[in-house]
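Chains as they are written, first to last, in my numbering: chain A, 64 to 437; chain B, 64 to 437; chain C, 244 to 574; chain D, 244 to 574.
Working notes, beginning with the structure itself.
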Amino acid sequence: MSVLQRDPTDRVEILDEDGHVREGAEVPEIGDDRLVEMYRHLRLARHFDERAVSLQRQGRMGTYPPLSGQEAAQVGSSFAMDEQDWLVPSYREHAAMHAHGWPLEQILLYWMGAEDGNVPPAETNTFSVAVPIATQIPHAAGLAWAMKLKGDDGAVVCHFGDGGTSEGDFHEGLNFAGAFDVPAVFFCNNNQWAISVPRDRQTASETLAQKAQAYGFDGVQVDGMDPLAVYSVTEEALDRAKTGGEPDEIGTATRPTMIEAVQYRFGAHTTADDPTVYREESEVERWKQKDPIPRFETFLRERGLLDDERVEAIGQAIQDEVAETIEAAEQHPQPEPAEMFASVYEDMPDRLEQQLAYLEELRDSHGDDTLTEE
Amino acid sequence: MSVLQRDPTDRVEILDEDGHVREGAEVPEIGDDRLVEMYRHLRLARHFDERAVSLQRQGRMGTYPPLSGQEAAQVGSSFAMDEQDWLVPSYREHAAMHAHGWPLEQILLYWMGAEDGNVPPAETNTFSVAVPIATQIPHAAGLAWAMKLKGDDGAVVCHFGDGGTSEGDFHEGLNFAGAFDVPAVFFCNNNQWAISVPRDRQTASETLAQKAQAYGFDGVQVDGMDPLAVYSVTEEALDRAKTGGEPDEIGTATRPTMIEAVQYRFGAHTTADDPTVYREESEVERWKQKDPIPRFETFLRERGLLDDERVEAIGQAIQDEVAETIEAAEQHPQPEPAEMFASVYEDMPDRLEQQLAYLEELRDSHGDDTLTEE
Amino acid sequence: MSQTTQTQSLTLVQAVRDGLYGEMERDEDVLVMGEDVGENGGVFRATQGLIEEFGGDRVIDTPLAESGIVGTAIGMAAYGLRPVAEIQFLGFMYPAFDQMVSHAARLRTRSRGAYTAPMVVRAPYGGGIRAPEHHSESTEAFFAHQPGLKVVIPSTPHDTKGLLASAIRDPDPVVFLEPKLIYRAFREDVPEDTYTVPLGEAAVRREGSDVSVFTWGAMTRPTIEAAEELTEEGIDAEVIDLRTLSPLDEETIVESFKKTGRAVVVHEAPKSGGLAGEITTTIQEEVLLYQEAPVKRVTGFDVPFPLYALEDYYLPEAARIKDGIRETVEF
Amino acid sequence: MSQTTQTQSLTLVQAVRDGLYGEMERDEDVLVMGEDVGENGGVFRATQGLIEEFGGDRVIDTPLAESGIVGTAIGMAAYGLRPVAEIQFLGFMYPAFDQMVSHAARLRTRSRGAYTAPMVVRAPYGGGIRAPEHHSESTEAFFAHQPGLKVVIPSTPHDTKGLLASAIRDPDPVVFLEPKLIYRAFREDVPEDTYTVPLGEAAVRREGSDVSVFTWGAMTRPTIEAAEELTEEGIDAEVIDLRTLSPLDEETIVESFKKTGRAVVVHEAPKSGGLAGEITTTIQEEVLLYQEAPVKRVTGFDVPFPLYALEDYYLPEAARIKDGIRETVEF
Ligand SMILES: Cc1ncc(C[n+]2csc(CCOP(=O)(O)OP(=O)(O)O)c2C)c(N)n1
Ligand SMILES: Cc1ncc(C[n+]2csc(CCOP(=O)(O)OP(=O)(O)O)c2C)c(N)n1
Ligand SMILES: [Mg+2]
Ligand SMILES: [Mg+2]
C-alpha cells in the first residue's frame with residue numbers, strides 16, 4: 064500500500080523507539096553501504112552541530128541554528144533524492160544540504176558571515192539558505208515548475224518549519240504547486256516549536272499534513288526521527304512528483320505532496336535563544352527517547368552492519384572531518400569589501416563604482432582597523 | 064442535524080431550481096414580513112445593479128463591479144446577522160452592505176469617486192470597502208478577536224471571492240481566526256470566476272470549503288443562489304461563532320466557520336471587463352436557471368406571501384427608491400480638494416498644511432477648470 | 244540600437260504587447276505570467292493574443308496571489324527561464340514586496356552570482372483614469388531604494404518596446420512600470436523587428452538652455468506641453484525623460500544642470516521621500532556651484548491617492564508645472 | 244512633558260519594556276502582540292515579564308505571519324483597541340507591507356475619519372550585531388514615503404519610553420523602529436512614571452555653529468563622537484537627532500541650517516532613495532540662499548546589507564562621519 068494514501072493523522076513509522084522494526088512495517092530497499100552511509104551522515108550532523116554551537120560560544124562564529132534531534136528528517140529525505148533533484152532549504156537544514164552535496168565548509172562560511180558560503184560547487188542542485196520564513200516555498204514551486212516546463216527530469220524537495228506553515232508564502236507556494244501540478248515535495252520539519260511558540264498555538268489544525276488538502280494533493284505525517292520512515296515517504300513522494308499525476312498539457316505526469324516530519328529540536332532555536340524560558344526540560348527528555356541516532360544504530364547492529372569497532376571508527380573519522388572543515392573555513396580568506404559591490408548587478412552601475420572607490424579611499428586613509436572597530 | 068457538520072462537498076440546498084422546497088430540506092424560521100423583505104432586497108439589489116451599470120455607461124460613475132446573480136448570497140447572509148454583528152465586505156457586496164444598514168446612496172457615492180461614500184451613519188457595524196483582494200480577511204479576524212477580548216456580543220461576517228482564497232492574507236487571516244478561536248464567519252462568494260480565471264484554475268482543491276480544515280474549523284458549501292439555504296448556514300455559523308466553541312481563557316465559547324456560497328456572476332467582472340472574451344454565453348445561461356429572484360418569488364407565491372399585485376408594487380417602490388437615491392447621490396456636493404489633506408492624520412502636519420495652502424493658491428490663480436482638465 | 248526600416252504605428256500598450264511578442268519569439272525561455280494574462284489578454288490587453296501564439300505553457304494565468312507570482316518567477320528565473328510577471332496594478336505589488344526586496348533583489352549578492360534572477364515584473368502605474376482605490380499608485384521610489392533592483396518607466400511606444408526588450412534580456416531583475424494613463428493616448432512608429440533601448444540612459448525630449456526639467460512616464464507629456472507653452476514667455480526649458488529610475492543616469496542629469504543651473508523635477512508620487520529628493524540631492528552634491536535657484540519639486544501631495552473625484556487636484560498638470568518652471572527661472 | 248522625581252537607570256530596550264508596561268497599565272485597551280512576545284518576552288526581551296503582569300489576552304503570542312499580525316491589529320485598532328504589534332526584525336516587516344501601506348496608512352483617509360487605526364508597529368532595526376541575513380535592515384525610507392504613517396526612531400532610553408508612549412497614544416498608525424545596536428549599549432535615568440516625548444520634534448544633541456549634522460537612531464552616537472572629536476580641529480558641529488522621520492521636523496532642520504549654512508546627513512540605509520535625499524532637498528528648497536557647501540550624505544552603500552563579515556565596512560562610523568563633516572566645513 065502506498066504510504067502516502069492514508070489519513071494525515073495516521074503517521075508513517077518504521078522503527079520503534081528502541082530501533083526495532085515495527086510489526087508490519089516495510090523497510091525500504093536501501094543497500095547496506097548506503098545504510099551505513101546514512102548513519103555516518105546522522106553522526107556527522109550531530110557532531111558538526113555540537114562543534115558549530117561551540118564555535119559560536121567562542122566568538123568564532125555568529126548566530127547559528129542548531130539541528131540536533133532533526134538529523135533523521137534531513138538525512139533521510141536527502142538520501143531519497145536523486146542527484147538531479149533540487150533541494151530548497153530553509154536555514155536549519157545543514158545535514159540535508161550536506162547529504163545532497165553541499166560542502167560543510169560552505170555551511171560554516173555562511174554562518175561565519177561570508178557570502179562565499181552560498182557559492183556551492185556547480186551541479187549541487189541545492190538553493191542557498193532562506194532566512195525569511197516560508198519565502199523559499201514559492202521559489203521551490205517555481206523551480207519545480209521550470210523543470211517541468213523545460214522537460215527536465217527530477218523534482219524539488221523544499222524544507223520549512225512548523226511555524227512556516229502560518230505564512231502567506233506557504234499558502235501561495237503550495238497552491239501554485241497544486242494548480243500547476245509541479246514535481247515538488249514540500250517537507251515540513253515540524254520540530255514542535257517556532258522559537259517559543261508551540262505547535263498547537265501555531266494553528267488549530269490537528270495535523271500540519273492535512274493542510275495539503277487545501278491544495279488538492281496529499282499530505283502525510285511521518286516519524287521525522289526515524290530515518291527509514293522519512294526515506295520511505297520521501298522516496299514515494301518524489302516518485303509521485305515525477306510520475307504520479309495525470310499527464311497534462313505539458314505531457315508530464317507530475318504531482319506534489321506535502322510531508323509533515325514530526326520531530327523535535329533538542330537544542331536552542333539559535334545560539335541567541337534560551338529555550339529554558341519557554342519549555343520544560345522534561346519535554347526535551349521525553350523526545351530524546353526518540354533520538355534517531357541510537358535508534359538507527361540499533362537497527363544497523365541488528366542487521367549486522369555495525370559493531371562497536373565500526374561505530375568507533377566512524378566517530379573518529381567524523382571528528383577528523385569536522386575538525387579539518389573548521390580549520391579550512393577559518394583559514395578561508397576573509398571576504399574583500401569590494402565583494403559587497405561586485406555582485407549587486409552583473410554590471411556595476413556608475414554610482415556603485417564611485418561608492419566602491421570611496422570605500423577604498425577610506426580604507427587607505429583610515430586603515431581597516433579604524434573602519435571596523437566596534 | 065447541524066447544517067455545518069457535513070462533508071464540504073455535501074452542499075446545503077433548500078430550494079430547487081424551480082423554487083420548490085427540496086424533499087427533506089428544512090426551511091429556516093423567518094417571519095413572513097422578513098421573508099418578503101428579503102425578496103424586496105433581492106429585487107432592489109438587482110435593479111440597483113442595473114442602474115449602476117447604466118450610470119457607468121453614461122459616464123456618470125466610474126468603474127463599477129456588478130453583483131447580479133449574487134443577490135441571494137449577499138441578502139441571505141446579511142439577513143441572518145444581528146444588528147451588533149459586524150460586516151466586513153470586499154467590493155462587490157453592495158446588497159450585503161445595504162441589508163446590514165449601509166445606505167445605497169453611500170455606495171453610489173463611493174463608486175462615483177468620493178470618500179464620503181465610506182462614511183456610514185454611526186452604528187452601521189459595517190467596515191468600508193476593501194479593494195486589494197483578501198486584505199480585509201485579517202481585519203475581520205482582528206475585529207472578531209477584539210469583540211471577544213472586549214467581551215462584546217456579536218460576531219463578524221467577512222466576504223471575499225473564490226479568487227481571494229489564493230492570497231496569503233486569506234491563509235493568515237483564517238489561521239489567526241482558528242488559533243484564537245474568534246467569533247467570525249468567513250463567507251466566500253464563489254462566483255466561479257476571478258475576472259477571467261475560472262474556479263478550477265484558481266486552486267486544485269475540490270471545494271473551497273475544505274480549505275477551512277487547514278485552520279481547524281468547519282467549512283461548508285451552500286447553494287449561494289438560494290437565499291434560504293444561505294440564511295440557514297449563516298445563521299447557524301453565526302450562532303456557532305458566538306457560542307459554539309470550547310470556553311477558553313477569555314471565557315467565551317467562540318468558533319469560526321467558513322462558508323463557500325456557490326453562485327455565479329451573471330455580468331462582467333466590472334464595467335471595464337468584457338466577459339465574452341473568456342467565457343461562453345451558454346455557461347451564463349445555464350447558471351441563469353438558478354437565478355435567485357424567480358426561485359424565491361415562486362417560494363413566496365406558494366406560501367401565499369406574494370401575488371402579481373405585490374410583486375408589481377414592490378417593483379415600483381424599488382424603482383422609485385433607486386431613482387431617488389441616484390438623484391441624491393448626484394446632488395451630493397462634490398468633495399472639496401481640502402478633504403484630501405484633512406483626513407490623512409488626525410492632526411494635519413505642517414508639510415500638509417503648506418501643500419494644502421499651495422493647492423488653494425493654484426486654484427485661485429488658475430481656476431478649477433484648468434487644474435482638472437484632462 | 245539595431246535599425247530596421249519596417250515600422251508600424253503603435254500605442255504604448257500595443258508596444259508592450261509587441262515587445263513581449265518579439266522577445267518570446269526570439270528566446271523560448273521567455274514566458275509571461277500573471278492574473279488574466281492568458282485568454283483575457285490582460286486587463287489592459289497588454290498580452291492580447293499571446294496565448295494563441297505561444298500556448299498556455301508560456302502565457303500563464305496564475306492564481307490570484309502576487310507573492311506567489313513573484314516568488315515562483317524567482318524560482319523559474321533561477322532555474323534558467325526568463326519570466327515576465329505581470330502585476331495587475333502597481334497598487335497590488337505590495338503583497339509581493341517581500342519577494343521583490345528580500346529575494347529578487349538579493350539572490351545574486353547573497354550567492355555571489357551563483358544564483359541570479361533575470362526577470363521582469365511589469366505593472367501599470369499612475370493616476371488619471373478614474374479608476375477605483377489602489378489603482379493609481381505611483382510608488383517607484385519604494386523599488387528604487389532597493390539595491391539589486393532596476394526600475395524602468397517608458398513614456399513613448401518606441402521606448403516601451405526597446406526598454407522592455409532590454410529589461411527582459413537584462414541579467415538582473417527589473418521593475419517595469421507602464422504609464423497606463425497614456426497606454427492609448429497616442430501612436431508612434433515602432434520598428435517591427437526587435438531592438439533594444441539601453442537601460443540607465445535618460446532621453447532629452449526637448450533641448451533648452453534656461454532650466455532643466457526632469458520627469459518620467461505619464462508626466463512627460465504635460466511637462467513637454469508646459470515647456471512648449473513657456474517659449475511664449477521667453478523661457479527655454481530642457482525636458483529630460485529619465486526612463487530608468489534606478490540606476491539613475493547621473494551624467495545626463497548633471498550635464499543638463501551644468502548648462503542651465505536650474506532644475507525642476509516632476510513626478511506623480513507623493514513629495515516626501517519621492518525620487519525628486521534623490522535627484523535634487525544628486526544635483527547639489529555634484530554641481531552645487533552651478534546652482535542658481537532651488538530645485539523645484541512639482542509632485543503629488545503627501546496624501547494617499549484620492550478616489551477619482553479629486554484625482555485631478557492631486558496630479559500635477561501643465562499649469563502647475565509651468566508655475567514651477569517659472570518660479571525656478573525667475574528665482 | 245510631565246515631571247517626576249523617581250527615576251531608574253535603564254537601557255534602551257528596558258525603556259521599551261518600561262514604556263509598554265506603563266501604557267498597558269494606564270490604558271487597558273493597549274495590548275502587545277507578535278511572535279515570541281509572551282513567555283519568551285521577545286527575542287530581545289523587550290516584552291519580558293509583561294505576560295505575567297497582564298496575562299495572555301493582552302500579551303499575545305501570534306502565529307508566524309506578519310501580514311496576519313498587522314492585518315489583525317488593524318481590525319483590533321479599528322474596533323477600539325490599541326494594539327502594539329512587534330515585528331521581530333525590520334527585515335521581516337515586508338510580508339506586512341501591503342497591510343501597512345494599503346490599510347493602516349489609509350483607513351482614516353479612505354473613510355474620512357469614520358475608521359481609524361491607532362496602532363504601533365514596533366521593530367528592531369539596523370546593523371552591527373553580527374546577525375544573520377535580513378536582520379540588519381534600515382529601510383525607514385519605505386515607510387516615510389507612505390502618507391498616513393508616522394515613523395519614529397529613538398536613540399536614548401529616555402526618549403524611547405516617552406516617544407513610545409506618544410506613539411501608543413497617537414490616534415494614527417506609527418512605525419516605531421528601535422536601534423537594536425544600542426539596545427544595551429548604555430543606561431540613562433528614566434522617570435518611573437509614564438510621560439510623553441512629542442512626535443515630530445527633533446532633539447539638538449549638541450549645539451554647534453559650523454555645520455549641522457542630522458541623524459537618528461544608532462547613528463546618533465558615532466555622530467556625536469565625531470562631533471566631539473572634531474572640536475580638537477576647531478570644528479564646532481551641531482548634532483540633531485531627528486527622532487521622527489515622518490513627519491519631519493522641518494522647522495528645527497531649517498533653523499539649524501540657517502545658523503550654520505552647512506549640513507551633513509548620516510544614516511545607515513543605502514544612499515539612493517534614502518531619507519538624506521529628502522532632508523537635503525528640504526533644506527535647499529527652504530534655505531538655499533544660506534547654503535555654503537553641498538549637503539553631504541554619509542550613509543550606507545547602495546548594496547544589500549552584507550553578511551556580517553563585511554558589515555563594519557558597510558556601516559558609517561565616526562571616522563567616515565568626521566571626513567564628511569570636515570569636507571563640508573572645508574568646502
Ligand atoms: C518572515 C520572518 N519572520 C520572522 C522571522 C524570525 N524567525 C526566525 S526563525 C523563526 C521561527 C521559525 O519556526 P519554524 O518555522 O517552526 O522553524 P524552526 O526554526 O523551528 O526550524 C522566526 C519567527 C523570520 N526569519 N522570517
Ligand atoms: C491584491 C490584488 N490583486 C489583484 C487585484 C485585481 N483584481 C480585482 S478583482 C480581481 C478578481 C477577484 O476575484 P474573486 O476573488 O473571485 O472575486 P470576484 O471579483 O469574483 O467577486 C482581481 C484580480 C486586486 N484588486 N487586489
Ligand atoms: Mg519549528
Ligand atoms: Mg470570483
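For every residue, glycine included, the Cβ atom is placed at its ideal position computed from N, Cα and C.
Boundaries of the alpha helix (DSSP H) around residue 362/A: 355 to 365.
Three or more Cβ pairs drawn from the stretch 285 to 301 of chain D and the stretch 260 to 273 of chain D lie within less than 8 Å of each other, which places the two stretches in contact.
The alpha-carbon of residue 116/B is positioned some 60 Å away from that of residue 127/A. Taking every protein chain shown into account, the CB of residue 250/A has 16 or more other CB atoms within 10 angstroms, so this residue is buried. Contact annotation: in the stretch 172 to 187 of chain A, residues whose CB is within less than 8 Å of a CB in chain C are 178, 179, 181, 182, 183. If you draw a straight line from the Cα of residue 243/A to the Cα of residue 214/A, it is about 14 Å long. Take residue 373/C, set aside five residues on each side of it, and the residues of its chain with a beta-carbon closer than 6 Å to its own are 551, in chain order. Exclusion of the five residues before and after residue 223/B leaves 153, 196, 197, 199, 200, 233, 249, 250, 251, 252 as the residues of its chain whose Cβ lies within less than 8 Å of its Cβ. Within 8 Å of the CB of residue 404/A, the CB atoms of chain D belong to 544, 546, in sequence order along the chain. Straight through space, the alpha carbons of residue 337/B and residue 556/D are spaced by roughly 56 Å. Residues whose Cβ lies closer than 6 Å to any heavy atom of ligand 4, listed in chain order: 224/B, 225/B, 226/B, 254/B, 256/B, 257/B. Among the residues of chain B, none has a CB under 8 Å from the CB of residue 569/C; the nearest is roughly 11 Å distant. Residue 409/C sits close to residue 439/C, with the two beta carbons spaced by under 7 Å. Sequence-distant Cβ neighbours of residue 495/C in its own chain, meaning closer than 6 Å and more than five residues away, are 445.
Going by DSSP, residue 142/A is part of the alpha helix (DSSP H) stretching over 134 to 142. The bridge partners DSSP lists for residue 326/D are 274/D.
Residue-level contact check: residue 278/A touches chain B, since one or more beta carbons of chain B fall below 7 Å from its beta carbon. Not a single C-beta of chain B is nearer than 7 Å to the C-beta of residue 288/C. Rounded to whole angstroms, the Cβ separation of residue 283/B and residue 71/B is 7 Å, and the two are in contact under 8 Å. Contacts between residue 335/D and chain A, judged by CB atoms closer than 7 Å, involve 195 in chain order. When C-beta atoms of the stretch 352 to 361 of chain D are compared with those of the stretch 376 to 386 of chain D, fewer than three pairs fall below 8 Å, so the two segments do not count as touching. At least 7 Å separates the CB of residue 299/B from every CB of chain D.
Taking all protein chains shown into account, residue 371/B has fewer than 16 neighbouring C-beta atoms within 10 Å of its C-beta and is therefore exposed. Under a 10 Å Cβ-count criterion, residue 252/D is classified as exposed, with fewer than 16 other Cβ atoms of the shown protein chains found around its own Cβ. In the three-state reduction of the DSSP assignment, residue 377/C falls in the coil class. DSSP places residue 253/C in the uninterrupted beta strand (DSSP E) bounded by 250 to 253. A direct Cα-to-Cα measurement between residue 507/C and residue 574/C gives close to 12 Å. Around residue 74/B, the same chain offers 284, 285, 286, 325 as residues with beta carbons nearer than 7 Å, after the five sequence neighbours per side are excluded.
Between residue 281/B and residue 124/A, the alpha-carbon positions lie close to 48 Å from each other.
Residue 236/A is not a Cβ neighbour of residue 319/C, given a cutoff of 7 Å. Residue 208/B carries a helical assignment under DSSP once its states are collapsed to helix, strand and coil. In the DSSP assignment, residue 222/B falls within the unbroken beta strand (DSSP E) covering 219 to 224.
Among the residues of the stretch 229 to 257 of chain A, those with a Cβ less than 8 Å away from any Cβ of chain B are 229, 230, 231, 232, 233, 234, 235, 238, 241, 242, 244, in the order of the chain. For the stretch 351 to 375 of chain C, the residues whose beta carbon sits under 7 Å from a beta carbon of chain A are, in order, 351, 352, 353, 354, 355, 356, 357, 358. When beta bridges are read from the DSSP output, residue 393/C appears opposite 417/C.
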